[in-house]
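Read through the structure below, which is laid out as structure tokens, and then see the notes.
Below, the structure written as structure tokens:
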């Protein structure tokens, strides 16, 4: 694996700043690890709406050329790590009308990781998370969903705990020391937040998920009309 691709799934507006801090933290940590990185949002989410699921992405690569190759896509079709900052989204994501219900692990690669903040046990979450036709790992940071707004931010250390956990999940791309350096350089960083990241690195809980585990319901979907089936405009 020469590139690490992450998506952050969050609630629009209420978790916008949290998601931005996470993906920017990933990129700066990558630079501290002597790698290349970029962060960007999903085009279709603009303008964001209160509570409606949205996504940000972060890509880390060994070389600038590999990064440019991954940037050539409109948005990633597969990710190595899915970061979910609200465990109610384990039931699925419906971002706009006629989009259908997308399983939270839909883009997660086989043997990839779904990282989630939650106080629920693994088995309770797997009752909601849809089955996947390949094994993957479910990692938990024991924390409540962090909500704030556009002009305020809840300083509960969620962003640095996720960065610390990510260093445990993908140590070949992000080292814990690099994450600590990146946090110190951020305008919102502090030594206390560095300590929180290190604790998250040690305390992250991970469980392998088999293809037989999960919600067996088929997510609802809509069949969109072909262009020749549409009515003429008035």
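Residue numbers (my numbering): 98 to 331. Where a beta carbon is used, it is the ideal one built from N, C-alpha and C, also for glycine. Owing to the predicted nature of the structure, the values given are computational and were not obtained by experimental measurement.
- Every unbroken stretch of the alpha helix (DSSP H) spanning 4 or more residues and falling wholly within the segment 165-245 is given here in chain order: 219-223.
- Within the DSSP bridge table, the entry for residue 114 names no partner.
- When C-alpha distances from residue 211 are compared across 325, 138, 301, 166, the shortest belongs to 301.
- Sixteen is the threshold: when 16 or more other Cβ atoms of the shown chains lie within 10 Å of the Cβ of residue 107, as they do, the residue is buried.
- Contact check for residue 256 and residue 129: beta-carbon distance about 16 Å, past the 8 Å limit, so the pair fails to qualify.
- In the DSSP assignment, residue 108 is bridged to 150.
- The straight-line gap separating the alpha-carbon atoms of residue 290 and residue 320 is approximately 47 Å.
- Between the segment 187-202 and the segment 260-279, the count of Cβ pairs shorter than 8 Å is below three; the stretches do not touch.
- Rounded to the nearest whole angstrom, the CA to CA distance from residue 224 to residue 311 is 6 Å.
- Membership of residue 137 in the beta strand (DSSP E) is indicated by the continuous run 133-138.
- Looking at 147, 269, 149, 254, the one whose alpha-carbon comes closest to that of residue 296 is 254.
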